[in-house]
Amino acid sequence: MESLDKIITIELFGQQYSFKAEDGVPDANEVADLLIQEVANVEKQLSKNNPKISKVTILTLAALNISSEFIDLKRNYSELMEKISERSASLVNMIDVNL
(Lines of atoms letter the chains of each structure in order from A and count residues from 1; the text may use other names and numbers.)
(Lines give C-alpha, C1' and ligand atoms only; values in the text may rest on other atoms or scores of the structure.)
Protein backbone atom coordinates (compact mmCIF):
# COMPACT_ATOMS: atom_id res chain seq x y z
CA MET A 1 0.00 0.00 0.00
CA GLU A 2 1.38 3.40 -0.97
CA SER A 3 2.09 5.93 1.78
CA LEU A 4 0.04 9.11 1.72
CA ASP A 5 2.63 11.05 3.72
CA LYS A 6 3.58 14.36 2.20
CA ILE A 7 6.97 16.02 2.06
CA ILE A 8 7.21 19.53 3.46
CA THR A 9 10.20 21.65 2.49
CA ILE A 10 11.22 24.79 4.35
CA GLU A 11 14.13 27.15 3.96
CA LEU A 12 16.07 28.36 6.99
CA PHE A 13 19.27 30.38 6.78
CA GLY A 14 19.48 29.80 3.03
CA GLN A 15 19.34 26.01 3.36
CA GLN A 16 16.41 23.79 2.49
CA TYR A 17 15.13 21.17 4.91
CA SER A 18 12.57 18.53 4.01
CA PHE A 19 10.52 16.39 6.35
CA LYS A 20 7.69 13.95 6.09
CA ALA A 21 4.30 14.94 7.44
CA GLU A 22 1.88 12.16 8.25
CA ASP A 23 -1.34 12.09 6.31
CA GLY A 24 -3.34 12.89 9.45
CA VAL A 25 -1.51 16.18 10.03
CA PRO A 26 -3.45 18.67 7.91
CA ASP A 27 -1.66 21.74 9.25
CA ALA A 28 1.95 20.68 8.63
CA ASN A 29 2.48 23.64 6.30
CA GLU A 30 1.10 25.99 8.94
CA VAL A 31 3.49 24.55 11.53
CA ALA A 32 6.43 25.00 9.15
CA ASP A 33 5.33 28.56 8.33
CA LEU A 34 5.09 29.39 12.04
CA LEU A 35 8.66 28.20 12.59
CA ILE A 36 9.96 30.17 9.60
CA GLN A 37 8.16 33.31 10.78
CA GLU A 38 9.43 33.02 14.35
CA VAL A 39 13.01 32.37 13.20
CA ALA A 40 12.80 35.47 10.98
CA ASN A 41 11.46 37.56 13.89
CA VAL A 42 14.19 36.41 16.27
CA GLU A 43 16.88 36.86 13.64
CA LYS A 44 15.66 40.40 12.89
CA GLN A 45 15.57 41.36 16.58
CA LEU A 46 18.94 39.89 17.49
CA SER A 47 20.89 40.86 14.39
CA LYS A 48 20.48 44.54 15.26
CA ASN A 49 22.68 44.17 18.33
CA ASN A 50 24.79 41.18 17.30
CA PRO A 51 25.11 40.54 13.56
CA LYS A 52 27.20 37.39 14.20
CA ILE A 53 24.58 35.60 16.30
CA SER A 54 24.71 31.84 15.75
CA LYS A 55 22.02 29.92 13.90
CA VAL A 56 21.67 27.55 16.85
CA THR A 57 20.97 30.49 19.17
CA ILE A 58 18.35 31.87 16.79
CA LEU A 59 16.66 28.48 16.44
CA THR A 60 16.76 27.89 20.19
CA LEU A 61 15.19 31.26 20.97
CA ALA A 62 12.55 30.73 18.28
CA ALA A 63 11.70 27.33 19.79
CA LEU A 64 11.51 28.86 23.28
CA ASN A 65 9.23 31.64 22.04
CA ILE A 66 6.90 29.15 20.34
CA SER A 67 6.92 26.93 23.43
CA SER A 68 6.13 29.88 25.69
CA GLU A 69 3.21 30.88 23.49
CA PHE A 70 1.96 27.28 23.50
CA ILE A 71 2.08 27.15 27.31
CA ASP A 72 0.19 30.45 27.55
CA LEU A 73 -2.48 29.18 25.16
CA LYS A 74 -2.73 25.90 27.04
CA ARG A 75 -3.16 27.76 30.34
CA ASN A 76 -5.79 30.07 28.83
CA TYR A 77 -7.64 27.07 27.42
CA SER A 78 -7.66 25.36 30.82
CA GLU A 79 -8.98 28.52 32.48
CA LEU A 80 -11.68 28.86 29.82
CA MET A 81 -12.74 25.23 30.25
CA GLU A 82 -12.94 25.74 34.02
CA LYS A 83 -15.16 28.82 33.57
CA ILE A 84 -17.38 26.95 31.12
CA SER A 85 -17.69 24.07 33.56
CA GLU A 86 -18.60 26.41 36.41
CA ARG A 87 -21.20 28.24 34.30
CA SER A 88 -22.67 24.97 33.07
CA ALA A 89 -22.99 23.67 36.62
CA SER A 90 -24.62 26.94 37.66
CA LEU A 91 -27.11 26.77 34.79
CA VAL A 92 -27.96 23.14 35.55
CA ASN A 93 -28.51 24.11 39.18
CA MET A 94 -30.80 26.99 38.16
CA ILE A 95 -32.81 24.68 35.90
CA ASP A 96 -33.11 22.07 38.65
CA VAL A 97 -34.30 24.67 41.16
CA ASN A 98 -36.94 26.02 38.78
CA LEU A 99 -38.35 22.66 37.76
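Sequential numbering of the sequence shown, starting at 6, is according to our numbering. Even glycine gets a Cβ: it sits at the ideal position worked out from N, Cα and C. Every value quoted in this text rests on a predicted model; they were computed, and no experiment measured them.
On the DSSP letters alone, give me the boundaries of the beta strand (DSSP E) that residue i sits inside.
i: S23; result: Q20 to A26
i: L17; result: K11 to L17
Buried or exposed for residue i, going by 16 or more other Cβ atoms inside 10 Å?
i: E84; result: exposed
i: E43; result: buried
i: V108; result: This structure cannot speak to residue 108, because the chain is shown only from 6 to 104.
i: E27; result: exposed
i: V47; result: buried
i: I63; result: buried
i: A67; result: buried
i: M6; result: Here M6 scores only 43 on pLDDT, less than 50, and its place in the model is too uncertain to base an answer on.
Among the options, whose alpha-carbon lies nearest the alpha-carbon of residue i?
i: V36; options: F75, N103 and R92; result: F75
i: I41; options: E91, P56 and Y22; result: Y22
i: P31; options: N103, I58, I13 and N54; result: I13
i: D38; options: S59, K60, I15 and E87; result: I15
Exercise for the section: Identify every run of the beta strand (DSSP E) within the segment 52 to 76, keeping only runs that are complete inside it and at least 3 residues long; order them along the chain. Expected result: none
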